Amino acid sequence: MVFAVATLQNLFAAVMLFGIMSFLAAAVFVTLDAVDVAFTEASVGAGISTILMLATLALTSSRQRDLPKIKLVPFAAAVFTGWALIYATFDLPRVGDPQAPAHRHVAPRYLSSSGEEIGIPNVVTSVLASYRGYDTLGEVTVIFTAGIGVLCLLGANLPSSRGAKRRK
Amino acid sequence: MQHHVVLRVVSKLLIPMILLFALYVQFHGDYGPGGGFQAGVIFGAGFILYGIVFGLDTVQQVMSPKAMRMLAACGLLLYGLVGVAGPLLGANFLDYRVLLDNPVSGQHLGISLIELGVGMTVAAVMVSLFYAFARRR
Numbered sequence: 685m686v687f688a689v690a691t692l693q694n695l696f697a698a699v700m701l702f703g704i705m706s707f708l709a710a711a712v713f714v715t716l717d718a719v720d721v722a723f724t725e726a727s728v729g730a731g732i733s734t735i736l737m738l739a740t741l742a743l744t745s746s747r748q749r750d751l752p753k754i755k756l757v758p759f760a761a762a763v764f765t766g767w768a769l770i771y772a773t774f775d776l777p778r779v780g781d782p783q784a785p786a787h788r789h790v791a792p793r794y795l796s797s798s799g800e801e802i803g804i805p806n807v808v809t810s811v812l813a814s815y816r817g818y819d820t821l822g823e824v825t826v827i828f829t830a831g832i833g834v835l836c837l838l839g840a841n842l843p844s845s846r847g848a849k850r851r852k
Numbered sequence: 002m003q004h005h006v007v008l009r010v011v012s013k014l015l016i017p018m019i020l021l022f023a024l025y026v027q028f029h030g031d032y033g034p035g036g037g038f039q040a041g042v043i044f045g046a047g048f049i050l051y052g053i054v055f056g057l058d059t060v061q062q063v064m065s066p067k068a069m070r071m072l073a074a075c076g077l078l079l080y081g082l083v084g085v086a087g088p089l090l091g092a093n094f095l096d097y098r099v100l101l102d103n104p105v106s107g108q109h110l111g112i113s114l115i116e117l118g119v120g121m122t123v124a125a126v127m128v129s130l131f132y133a134f135a136r137r138r
C-alpha cells in the first residue's frame, strides 16, 4: 500500500489509500490495547487529515503531472535510513515484556497510586492531563501555533467580502 | 452540493449525533477512551461536514472565522489559567489538587477543565484550517 501511495499518479486515490492506512494503523493500536491512541489515529489520521488533503486537492489538481525520476543519492539515503531504523527495532524489548524499561520506571507508580491520587478509572487520562500536564500544554500550544502559522500562510485574515467576491 | 438531496438529509441527521458524540467523548474521557484531542477533532469534523454540504457561508453564520480564532486562543488560555491557578493557591504549576478542598475532587475539576481547553483549541484550529482552505476556492 505504501508503494502504491508513492507511485500512484492519481492523487485522489493516494489520499484515500492514506485514509485506509490510518484505519489499519488504528486497528493495530486496538490489538495492542492502546484504544486512546487508536481513537486519535482514526479521528485525526483518517478523518481530518483526509479532509484537509482533499481540500488541498480541490485547490490544486487531483493528478500528479509527471512522476519524478528516481535519483540515486536520495534513494540510497532513504533505503539506508529505513534499514537503520529496522535494525534498531531489534534492540527494542518485546511487546508486553514486563522487564522493559518503560514498565519499570514511573509506570508502576502511576498504575498503583493514580486511583487514590486522582480517582479516575482511565489512567491514560490521568497521565496525560495530570502527571504529564506540562507536556500536554506543550502539545496544545504546538497545535495552536501550527494552526496560526497555516492561517497566516493561507491569508485567512482577508476580509470575507473580498473572499466572497473572489469565489464568484 | 446544494442539489444532493440524499447527502443533505443524511448529513442533517448525522451532524447532531456527531456533535453529541463529540461531547460524550469530551466528558467521558475520564472513564473510557477519549479526551480533549479526539473530542475536538470529532466536533470539528461535524462543523466541516456541515460546511461541505451546506456551503461555507452557511457554516460561517454559525461560527464566524473570527469567533473560531478566538475560541482557539481561549482554549489555550483556559489551560494556561488552570495551570497558573496552582501557583496562586500556593502549589506547583499545573497542580490541580489545591483547586478544591478535596485533592481528588480538585484533580477531577482540573482535568475536566484542561480537557475542555484542549477540545476547544483543537476543534477551533481544525475548523479554521478548513475555512482557510475552502475560502481560497
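Chains as they are written, first to last, in the numbering used here: chain X, 685 to 852; chain R, 2 to 138. All residues carry an ideal CB built from backbone N, CA and C; glycine is no exception. Quantities reported herein were computed from a predicted structural model and do not represent experimental measurements.
{"Asked": "Given a cut-off of 8 Å on the beta-carbon distance, is the pair L835/X and A133/R in contact?", "Found": "yes"}
{"Asked": "How would you label R778/X, buried or exposed, when you count the other beta carbons within 10 angstroms and need 16 or more for buried?", "Found": "exposed"}
{"Asked": "Taking D96/R as the reference, which of V686/X, A762/X, T765/X and E801/X has the closest Cα?", "Found": "E801/X"}
{"Asked": "Tell me where the alpha helix (DSSP H) around T740/X begins and ends.", "Found": "S733 to L743"}
{"Asked": "Pull up the distance between the alpha-carbon of I770/X and that of V63/R, whole angstroms please.", "Found": "49 Å"}
{"Asked": "Residue range of the alpha helix (DSSP H) that F130/R falls in?", "Found": "Here residue 130/R is Leu; the residue named in the question, Phe, does not match the sequence. That run of the alpha helix (DSSP H) goes P104 to R136."}
{"Asked": "Find out if the Cβ-Cβ distance for the pair V42/R, Y80/R is shorter than 8 Å.", "Found": "no"}
{"Asked": "Please tell me whether F44/R has its Cβ less than 8 Å away from any Cβ of chain X.", "Found": "no"}
{"Asked": "With a Cβ-Cβ cutoff of 8 Å, do Y116/R and G47/R count as a contact?", "Found": "Sequence inspection shows Glu at residue 116/R; the Tyr mentioned does not correspond to that position. Contact flag unset, no."}
{"Asked": "Rounded to whole angstroms, what's the CA-CA distance from A23/R to V811/X? Just pull it up for me.", "Found": "21 Å"}
{"Asked": "Pull the bridge partners of R747/X from the DSSP assignment, please.", "Found": "N694/X"}
{"Asked": "According to DSSP, is Y794/X part of a helix, a strand, or is it coil?", "Found": "helix"}
{"Asked": "Please go through the same chain and pick out, in chain order, the residues whose beta-carbon is closer than 6 Å to the beta-carbon of L90/R, but skip the five residues on each side of it.", "Found": "V99"}
{"Asked": "Quick check: the segment 119-128 of chain R against the segment 816-831 of chain X, are at least 3 beta-carbon pairs closer than 8 Å?", "Found": "yes"}
{"Asked": "Are T724/X and D31/R closer than 8 Å when you measure CB to CB?", "Found": "no"}
{"Asked": "Taking buried to mean at least 16 other C-beta atoms within 10 Å of its own C-beta, is M121/R buried or exposed?", "Found": "buried"}
{"Asked": "Give every residue of the same chain whose Cβ lies closer than 8 Å to the Cβ of R70/R, excluding the five residues on either side of it in the sequence, and list them in chain order.", "Found": "A125 and S129"}
{"Asked": "Excluding sequence positions up to five away, which residues of its chain have a Cβ less than 8 Å from the Cβ of P792/X?", "Found": "none"}
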